[in-house]
Amino acid sequence: MLVAMWIVLIVLVAWLALTELPAGWDGHRPLPYLIALTPFLWIPFTALAIVGGCLHDWPFTICAAVMLIASLMRQSAYWLNDIKAPNTAAALARRLAARKARAAGKTDAASRPRKSHPDRGQFRVLTLNCRYGRADAEQIVALVRDEDVAVLALQELSGDLVARLKAAGLDALLPYHELGEALPTDNGGFNGVWMRVEPSASTPTGVPIPAADVPTMTIPFSSTRDITFAAAHPKSPMRGCRDWSAGIIGLRALIRHPKDEPREKYPTLAAIDAANRAAATAATKDDSHDDSFMQAGISARSATADRAARHGHAGHAGDAVDTANAADTAAAAAAQTPEHETINVVMGDFNASIAHPSFRKLLAAGFHDAALTDARGLHPTYPRWLKWPRIVLDHVLFTDYLTASDVRAIEVHGTDHLALAATLTIIDHPTPLNAGAGETWPDSLPPLARERARDHIRAAQQDGSDAD
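Take 1 as the starting number for the sequence shown in the UniProt record's numbering and just add one per residue.
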């Protein structure tokens with residue numbers, strides 16, 4: 001019996017190890033399905049640990065217990081990702097009060113003023129897979145009204161559902177929309193985005209992936225910052241595992257400038273050198289600096305420091321001083337040619353979770369997951385007809401300078417997915433990285449362990465620099 005138990009344990013360990021494959025390697029049948037079920041491997045690991053303990057086989061019990069902990073590591077990020085998140089009675093009371101207010105507000109939702117606006121810095125978004133256009137249109141419109149949704153992303157749409165949504169009054173709540181083109185190769189239907197604010201630009205195909213079109217809508221938030229919203233639905237593995245993986249990873253192309261050039265979020269060495277020369281020229285003419293110059297200098301210093309902190313670069317003290325001084329002078333170039341940045345929000349049924357390497361590759365490109373950022377627990381969305389077990393397939397993703405709160409999964413009749421709603425708020429600093437979503441170690445560790453691992457890496461790098 002013990003031999004059989006060891007064989008089962010080894011098979012389960014190999015199964016769990018599939019989550020650590022390189023991105024793209026999971027695009028082979030049946031790996032996407034096996035990996036999707038790994039969040040439930042804690043069940044057999046627990047059973048094996050209990051049986052091993054009852055049989056007094058302590059080496060086996062310890063191995064099973066270790067693998068039990070390992071199987072829960074990524075899932076724990078949904079609770080531990082924001083280690084500083086308030087978890088007090090006062091915070092709980094505020095959340096309960098907000099929930100009670102939402103329930104009470106459903107009676108007069110039609111007359112309630114709309115507060116959720118993307119151009120005001122905080123807005124509610126909602127995404128739903130409509131299952132071949134069979135979702136209840138009236139319930140979707142009621143959700144938009146009750147949740148005060150400012151941006152709606154729908155997948156697996158049909159022409160009939162779009163007409164029913166219009167008849168139910170969606171255009172009165174969200175008057176602007178962009179739909180992907182209906183194609184024979186669509187995976188269950190086309191995608192669409194509805195918005196309360198008039199967009200400055202929109203397109204039915206924001207990024208080419210081997211799946212349904214990805215419609216996007218863009219609004220200006222400030223003179224140097226836009227927000228682009230997209231609805232995406234990569235193919236399910238049953239329609240082609242390679243297309244499934246390529247579609248997920250391909251959404252990285254949304255993080256681009258309008259001219260499809262890689263975005264530089266932080267000052268490059270070339271930009272710093274140019275700023276140094278510009279500052280030296282300006283200093284010979286005038287020693288004074290205006291307020292905008294000082295503010296730009298602070299922003300440049302902050303961006304440079306953030307880049308160093310994020311990537312864990314360590315160097316000589318002199319290099320750090322030179323970089324800080326260069327960041328101060330980068331304001332000369334920044335004041336003359338401010339960078340125009342686009343915040344990206346992509347919502348939809350990704351047919352993947354953080355257990356899938358292809359999905360983590362997308363997050364590693366610069367996206368953050370709303371549920372991981374909110375860190376209030378799992379929000380599984382499939383299948384709707386089962387309370388348990390459900391898996392996480394639907395996501396609200398966003399790039400830096402946004403944060404998420406009040407993430408909830410909501411049942412909608414007629415479809416096999418739950419809707420996913422989240423409140424997004426614009427912030428003035430880069431969004432913290434999601435624990436458990438890192439493509440490689442130590443990014444996949446919980447926050448405290450991750451920071452300790454990075455401290456060890458920095459210390460080792462510093463020791464190497466001193467030795468040189």
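Virtual Cβ for every residue (Gly too), placed ideally from N, Cα, C.
Check	Outcome
Let me check understanding here. Comparing Cα to Cα, which of Leu-378, Asp-394, Val-396, Leu-397 lies closest to Trp-388?	Leu-378
Can you give me the start and stop residues for the beta strand (DSSP E) that Pro-220 sits inside?	216–222
Let me make sure I understand the geometry here. Which of Met-195, Asp-369, Met-73 has the alpha-carbon closest to that of Val-151?	Met-195
Measure the CB-CB distance between Thr-423 and Asp-406 and report whether it falls below 8 Å.	yes
Among Glu-178, Pro-44, Phe-367, which has the Cα closest to the Cα of Ala-404?	Phe-367
So what does DSSP say about Ile-209, is it helix, strand or coil?	coil
When the Cα atoms are used, what is the spatial distance from His-313 to Pro-430?	Any reading at His-313 needs caution, since the residue's pLDDT is 42, under 50, leaving its predicted position unreliable; the model's value is listed next. If I take the Cα positions, the gap works out to 17 Å.
So, are the CB atoms of Thr-415 and Arg-134 less than 8 Å apart?	yes
CA-CA distance, Leu-170 and Leu-143?	10 Å
Our contact map puts Ile-180 next to Pro-215 with C-beta atoms below 8 Å; I'd like the distance itself, whole angstroms only.	The question names Ile, but residue 180 is Gly in the sequence shown. Between Pro-215 and Gly-180 the Cβ distance is about 5 Å, and since that is below 8 Å, they are a contact.
What is the C-beta distance between Leu-173 and Val-141, in whole angstroms, given that I count them as a contact (C-beta under 8 Å)?	7 Å
What ranges does the beta strand (DSSP E) occupy inside the segment 135–189, keeping only unbroken runs of at least 3 residues that lie completely in it?	149–157, 176–179
Check Tyr-401 in the structure and name its three-state DSSP category.	coil
Can you tell me the Cα-Cα spacing of His-340 and Pro-199, whole angstroms?	17 Å
Would you list the one or two residues that DSSP bridges to Leu-125?	Strictly speaking, residue 125 in this sequence is Val, with Leu absent from that position. Answer is Val-151, Ala-422.
Indicate the three-state DSSP secondary structure (helix, strand or coil) for Ser-202 in the structure shown.	strand
Enumerate in chain order the residues of its own chain whose CB-to-CB distance from Ala-352 is below 6 Å, with the five nearest sequence positions on each side excluded.	Ile-248, Phe-359
With distance defined between alpha-carbon atoms, name the residue in Ile-10, Tyr-33, Lys-361 nearest to Phe-60.	Ile-10
Between the alpha carbons of Cys-130 and Trp-42, how many angstroms are there, rounded?	31 Å
Could you tell me whether the Cβ atoms of Asp-146 and His-413 are closer together than 8 Å?	no
Can you tell me whether Ile-255 is buried or exposed? The criterion is at least 16 other CB atoms within 10 Å of its CB, across all chains shown.	buried
Nearest to Gly-121 by alpha carbon, out of Asn-434, Ile-427, Leu-433?	Ile-427
Quick one: give me the first and last residue of the alpha helix (DSSP H) that Phe-45 is part of.	42–54
Who are the Cβ neighbours of Ser-202 in its own chain at under 6 Å, not counting the five residues just before and after it?	Glu-178, Met-217
I'd like the span of the beta strand (DSSP E) that includes Ile-227, first residue to last.	225–232
Count the other C-beta atoms from every protein chain shown that fall within 10 angstroms of the C-beta of Ser-223, then say buried if there are 16 or more, exposed otherwise.	exposed
Run through the DSSP bridge pairs and tell me what Gly-348 is partnered with.	Ala-232, His-395
Can you tell me which of the three DSSP states Thr-381 falls into?	coil
Applying the criterion that 16 or more other CB atoms from any shown protein chain within 10 Å of the CB defines a buried residue, is Cys-54 buried or exposed?	exposed
Apart from the five residues on each side of it in sequence, which residues of its chain come closer than 8 Å, Cβ to Cβ, to Ala-355?	Thr-19, Ile-35, Ala-36, Thr-38, Pro-39, Arg-74
Any idea if Pro-380 is buried or exposed, counting beta-carbon neighbours within 10 angstroms, 16 or more meaning buried?	buried
Pull up the distance between the alpha-carbon of Phe-45 and that of Ala-17, whole angstroms please.	14 Å
Quick check on DSSP: helix, strand or coil for Ala-409?	strand
The alpha helix (DSSP H) with Lys-361 in it runs from where to where?	357–364
Would you kindly report the start and end of the unbroken alpha helix (DSSP H) that includes Ala-70?	58–80
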